[in-house]
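For what it's worth, the numbering used here labels the leading residue of the first sequence as 1366, then goes sequentially. Note that the Cβ used here is the ideal one computed from N, Cα and C, for glycine as well. Just so you know, these numbers come straight off a predicted model, no measurement behind them.
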Amino acid sequence: MNSKLSVEEISKFQESILSWYEKNARVLPWRKTSNPYHVWISEVMLQQTQVNTVLPYYDKFVKTYPTIQDFAFDSEDKVLKMWEGLGYYSRVRNFQAGCRQVIEQFGGEVPRDKKQLLSIKGVGDYTAGALLSICYNIPTPAVDGNVFRIYGRLFEVEDDISKAKSKAVYESLVNETMSQSNAREFNQALMDLGATVCLYKNPKCVECPVNQFCSANKNNTIEKFPVKLGKTKVKDVHLLTVVLKTDTNKYLIQKRPSSGLLSNFYMFLSFESDTPFRNQPKFLEDNIPFKVNMKKECLGNVKHVFSHLKWNLDVYSGTVKEKTIRKDKTYSVITETQMKKYAFPVPYQKVWKMYLKSKGLKK
DNA sequence: AATTCGGGGGA
DNA sequence: TCCCCAGAATT
């Protein structure tokens, strides 16, 4: 697809975007650095995650791991704890693997070549483009949700953005229209324009510096673009979970498997099913591989929504003698104080809060 | 090409 | 509720 803009129009389009950015750029911590590793951290955190959510994580991460060597070889438990609550945890595992690659293959320096960047774990088309343009001012498209909205509306792109093929269409549009001399600010301007003006709902077209170029604005078809047809189906999952306290005043937790959802996070003993459980306390007693003393009353219900499924946890409590716990590498017995050293996914943080609340009520 | 990966925020 | 977010890897 072609933008159908003349050379002169493209030049004016770029000037409009860049001068808007000069006045309206958001002040963000990763814009105060020229350290490619720090920019890379921000790009990974910002995948599918809004700026405000990322801010505290970015600060903490940079303070804890100021150099790529500090981060690349720390333990997975600590790395996951650092990322706890941010979601999409394979991002940080891939990022760490990618950092090791950069150290071993590229002398510790983020490469300036797209093909080399794409060979790095966790770096895809978007991140490669963002790093090349932001770190090195090399003109490369960085097609994200912002670009889908801005260019989808500018040129009334009919391609369905949920299809992988459409990304190439958008990349060619950006390639044709982006600033060649100031790719660094041009791409970041698109991000800010998408985040503050070209919004998904109720875009502020009156404030848009390129509204005179926008076909959807002209034809009053803003709400039709970008085109997205994919439907989201969310599966319901039922879980039983039990907070087990030992006779030694500690708690039993379990490490999740090393693959799949929330891999290598910690949790309370849990059982999962597509259909609701029956006789829940008995089910727990029968299926835990050592003797436990279950309380019959359910502490409550925790709901948690992921992108592709919905968890519904029934929370129980019980006691167990530490010596009777079957040896298993996945189990740990820890004190209440130690809990905050282990990475728990948000649904289990909710479970723990519910347990503490119920304990407080009884006293 | 479609699915799997988290969690929070806005309307 | 529904859809989105500075997406990438796996199936």
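What does the alpha-carbon distance come out to for the pair residue i and residue j?
i	j	result
Ser1635	Gly1625	15 angstroms
Phe1578	Asn1547	20 angstroms
Glu1572	Tyr1423	30 angstroms
Arg1643	Asp1679	11 angstroms
Asp1524	Ser1399	36 angstroms
Arg1518	Val1416	23 angstroms
Glu1662	Lys1528	48 angstroms
Ile1503	Arg1549	7 angstroms
Asp1490	Thr1505	10 angstroms
Lys1728	Leu1451	Residue confidence is low: Lys1728 scores 47 on pLDDT, short of 50, so the model does not pin down where it sits. No coordinate-derived value is stated.
Leu1674	Lys1598	8 angstroms
Glu1373	Pro1568	27 angstroms
Trp1722	Leu1594	Strictly speaking, residue 1722 in this sequence is Lys, with Trp absent from that position. Distance between the alpha carbons of Lys1722 and Leu1594 is about 44 angstroms.
Tyr1565	Val1592	12 angstroms
Lys1486	Ile1526	24 angstroms
Ser1368	Gly1473	39 angstroms
Tyr1516	Lys1589	13 angstroms
Trp1448	Asn1666	26 angstroms
Glu1469	Asn1582	49 angstroms
For residue i, tell me which candidate among the options has the shortest Cα-Cα distance.
i	options	result
Arg1456	Gly1494, Trp1405, Lys1479, Cys1579	Trp1405
Leu1370	Val1575, Ala1390, Gln1412	Val1575
Asn1614	Ile1515, Glu1536, Asn1584, Ile1699	Ile1699
Lys1596	Ser1672, Leu1721, Lys1583, Leu1445	Ser1672
Lys1388	Val1372, Gln1553, Glu1373	Gln1553
Glu1380	Phe1471, Ser1544, Gln1714, Lys1660	Ser1544
Phe1551	Phe1630, Ser1384, Gly1725	Ser1384
Asp1442	Gln1481, Tyr1631, Pro1641	Tyr1631
Gly1725	Leu1664, Lys1668, Leu1649, Lys1589	Leu1664
Gln1619	Leu1555, Arg1477, Met1704, Lys1425	Met1704
Residue i lies in the alpha helix (DSSP H); which residues open and close that run?
i	result
Gly1510	1510–1519
Lys1480	1479–1483
Tyr1339	In the structure displayed, the chain extends from 1366 to 1728; residue 1339 sits before or after that span and is not available.
Phe1460	1455–1470
Ser1531	1531–1542
Phe1551	1548–1561
Ala1581	1580–1583
Glu1373	1372–1389
Ser1407	1401–1410
Tyr1565	Tyr1565 -> no alpha helix (DSSP H), and no H or E assigned at all.
Val1571	Here Val1571 belongs to no alpha helix (DSSP H), and DSSP marks it neither H nor E.
Trp1448	1441–1448
Rounded to the nearest angstrom, how far is the Cβ of residue i from that of residue j, given a contact under 8 angstroms?
i	j	result
Tyr1402	Val1475	7 angstroms
Met1366	Ser1537	7 angstroms
Arg1458	Ala1437	12 angstroms between Cβ atoms; not a contact.
Leu1609	Gly1494	Between Gly1494 and Leu1609 the Cβ distance is about 49 angstroms, and since that is not below 8 angstroms, they are no contact.
Between which two residues does the beta strand (DSSP E) containing residue i stretch?
i	result
Asn1677	1674–1685
Thr1606	1600–1611
Asn1666	1665–1670
Lys1617	Before going further, note that residue 1617 is Leu rather than Lys in the sequence given. Its beta strand (DSSP E) spans residues 1616–1620.
Ser1638	1634–1638
Is the Cβ-Cβ distance between residue i and residue j less than 9 angstroms?
i	j	result
Tyr1386	Leu1558	yes
Asp1601	Asp1639	yes
Val1488	Gly1510	no
Tyr1681	Pro1646	yes
Tyr1453	Gln1412	yes
Phe1709	Thr1542	no
Leu1617	Tyr1535	no
Val1685	Val1657	yes
Cys1563	Arg1621	no
Lys1706	Lys1446	yes
Ser1531	Val1522	yes
Thr1561	Ile1690	no
Phe1460	Val1409	yes
Ile1433	Val1467	yes
Asn1677	Leu1604	yes
Phe1633	Val1670	no
Ser1407	Trp1395	yes
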